[in-house]
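Residue numbers for the sequence shown follow full-length UniProt numbering, beginning at 1 and rising by one.
Backbone N, C-alpha and C define an ideal beta-carbon position, used for all residues, glycine too.
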Amino acid sequence: MLIFDEMQSRGHEAVTLIQHAPSGLHAVLAVHSTVLGPAIAGVRLFEQDETIALKGALALSESLTLKAALAGLNYGGGACVVMMPESGVDDPHAREALFRALGRQVRPLESRVVLTEDIGVGPSDIGFLAQETPGTLGMHTDTSAITAYGVYRGIKASARYALGSESMRGVRVAILGVGAVGRALAGHLHREGAKLTLADVRPERAQALAEELDGSAVVPCSEILDLPCDVLAPCGYGHSIKSADVTRLQCRLIAGGEHHPLTRNGEAAVKEAGIIYIPDYAINAAGLIAAATGADAPQAAEQVYTTVSRIVAAAETYMKAPHVVARRMAERRIDLIGSLGRA
């Protein structure tokens with residue numbers, strides 16, 4: 001991977017490698033844009049190698065830029081991907097040390113970077129960061145639950161365009177990944193009468209959730225892309241749908257809580273296949289909105305519903321793919337507000 005070529009092609013401003021040997025901290029901090037304001041950087045923690053961490057930070061930070069812009073927030077986009085220490089973080093003191101070390105390393109960037117939670121990171125971890133740097137958001141916000149409710153509302157808005165009705169009763173929904181967001185999303189859909197099929201890298205987690213939600217089915221992750229369904233809701237770690245796998249898809253709509261489930265090539269492939277894709281930065285923004293503005297779950301989710309409704313209405317009017325419309329809307333706000341210059 002030629003890092004400078006990759007940064008230039010995506011428009012990134014900076015990539016920083018962070019380490020602190022005593023705590024086992026190894027992290028990649030990517031700043032995509034600060035045109036609209038400080039870069040909100042989602043912090044995620046899980047097992048991965050350096051190359052995957054770097055690619056993930058680049059993709060996630062670009063997504064955060066577009067998400068903040070579409071949501072009307074005066075923030076840019078960043079990402080901080082933390083590799084799981086070899087000794088793990090089951091020891092609460094080890095976890096505290098890891099996140100406080102990260103906060104201390106990022107503190108000099110507080111005017112440019114604001115850290116908030118993402119996969120594997122919770123409010124208590126943000127609390128540790130906040131002990132070392134003022135550049136944090138979401139310490140008192142259950143962003144996963146709010147994000148899931150926003151995704152649910154976004155699916156309803158997009159289903160009206162893709163399926164002819166926003167009712168989820170009887171709609172076949174395949175959820176790939178039932179962690180915090182996927183689990184909560186499944187609950188919302190189940191209560192409305194959707195027919196759920198669940199898959200997770202930890203099969204026992206999907207099975208346990210299916211037993212809670214009567215009538216839900218479970219399939220292996222390797223099979224869910226082949227499943228005939230109305231909605232495919234990816235809620236995993238990213239890039240769940242490879243470009244080469246698009247020909248396998250038998251869904252009409254892709255809409256879920258996962259950041260960057262498709263690459264740019266994948267987006268082109270689903271467009272060619274006639275599958276409607278609502279991009280992550282449009283549909284999974286409720287948690288970020290709540291953390292940044294103090295909005296409650298219904299308010300943040302309603303903003304997602306309104307944004308997705310605007311996107312699909314424009315897509316229908318101009319006969320463009322919704323993911324193309326969404327990107328143009330976000331980029332237009334960045335250009336317009338950025339043209340005002342710094343206050």
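{"query": "Just list the residues that DSSP pairs residue 161 with in beta bridges.", "result": "Bridge partners of residue 161: none, in fact."}
{"query": "Whole angstroms is fine: what's the gap from residue 248's alpha carbon to residue 116's?", "result": "35 Å"}
{"query": "Looking at residue 173: is its Cβ nearer than 7 Å to the Cβ of residue 235?", "result": "no"}
{"query": "Which full runs of the alpha helix (DSSP H) of 4+ residues lie inside the stretch 197 to 224, going along the chain?", "result": "203 to 212 and 221 to 224"}
{"query": "With respect to the alpha helix (DSSP H) encompassing residue 18, which residues constitute its N-terminal and C-terminal limits?", "result": "That residue, residue 18, is in no alpha helix (DSSP H); its beta strand (DSSP E) goes 14 to 20."}
{"query": "Near residue 195, which residues of its chain fall below 6 Å by C-beta distance, leaving aside the five closest residues on each side in sequence?", "result": "172"}
{"query": "Is residue 44 close to chain C, meaning its C-beta is less than 7 Å from at least one C-beta of that chain?", "result": "Here chain C cannot be found, since the structure has a single protein chain."}
{"query": "Anyone know if the C-beta pair for residue 150 and residue 129 falls short of 7 Å?", "result": "no"}
{"query": "Using three-state DSSP, classify residue 8 as helix, strand or coil.", "result": "helix"}
{"query": "Nearest CA to the CA of residue 217: which residue from 141, 198 and 203?", "result": "198"}
{"query": "Just checking, does the stretch 63 to 76 make contact with the stretch 284 to 303 on the three C-beta pairs under 8 Å criterion?", "result": "yes"}
{"query": "How would you call residue 284, buried or exposed, if buried means at least 16 neighbouring beta carbons within 10 angstroms?", "result": "buried"}
{"query": "In whole angstroms, give me the CA-to-CA distance for residue 277 and residue 322.", "result": "7 Å"}
{"query": "Can you tell me whether residue 296 is buried or exposed? The criterion is at least 16 other CB atoms within 10 Å of its CB, across all chains shown.", "result": "exposed"}
{"query": "Measuring straight from C-alpha to C-alpha, what distance separates residue 221 and residue 203?", "result": "8 Å"}
{"query": "Just to confirm the assignment, what range does the beta strand (DSSP E) spanning residue 39 have?", "result": "39 to 46"}
{"query": "Pairs of beta-carbons, one from the stretch 36 to 53 and one from the stretch 72 to 85, closer than 8 Å: are there three or more?", "result": "yes"}
{"query": "Hey, residue 176 and residue 224: beta-carbon distance below 7 Å or not?", "result": "yes"}
{"query": "Between residue 126 and the rest of its own chain, which residues show a CB-CB distance below 6 Å, the 5 nearest in sequence each way excluded?", "result": "117, 136, 138 and 139"}
{"query": "Whole-angstrom Cβ separation of residue 312 and residue 152, contact assumed at under 8 Å?", "result": "At roughly 16 Å, the Cβ-Cβ gap does not stay under 8 Å, so residue 312 and residue 152 are not in contact."}
{"query": "Please report how far the alpha carbon of residue 213 lies from the alpha carbon of residue 183, in whole angstroms.", "result": "10 Å"}
{"query": "Indicate the three-state DSSP secondary structure (helix, strand or coil) for residue 259 in the structure shown.", "result": "coil"}
{"query": "Quick check on residue 187: does DSSP put it in helix, strand or coil?", "result": "helix"}
{"query": "Can you tell me whether residue 280 is buried or exposed? The criterion is at least 16 other CB atoms within 10 Å of its CB, across all chains shown.", "result": "buried"}
{"query": "What are the partner residues of residue 117, as DSSP defines its beta bridges?", "result": "43"}
{"query": "Given 8 Å as the limit, is there contact between the stretch 52 to 65 and the stretch 86 to 103, that is, 3 or more CB pairs closer than that?", "result": "no"}
{"query": "Can you list, in chain order, the residues of its chain whose CB lies under 6 Å from that of residue 16, leaving out five sequence neighbours each side?", "result": "29"}
{"query": "Whose C-alpha, out of 324, 338 and 93, is nearest the C-alpha of residue 22?", "result": "93"}
{"query": "Throw me the rounded Cβ distance for the residue 241 and residue 262 pair, which I believe falls under 8 Å.", "result": "5 Å"}
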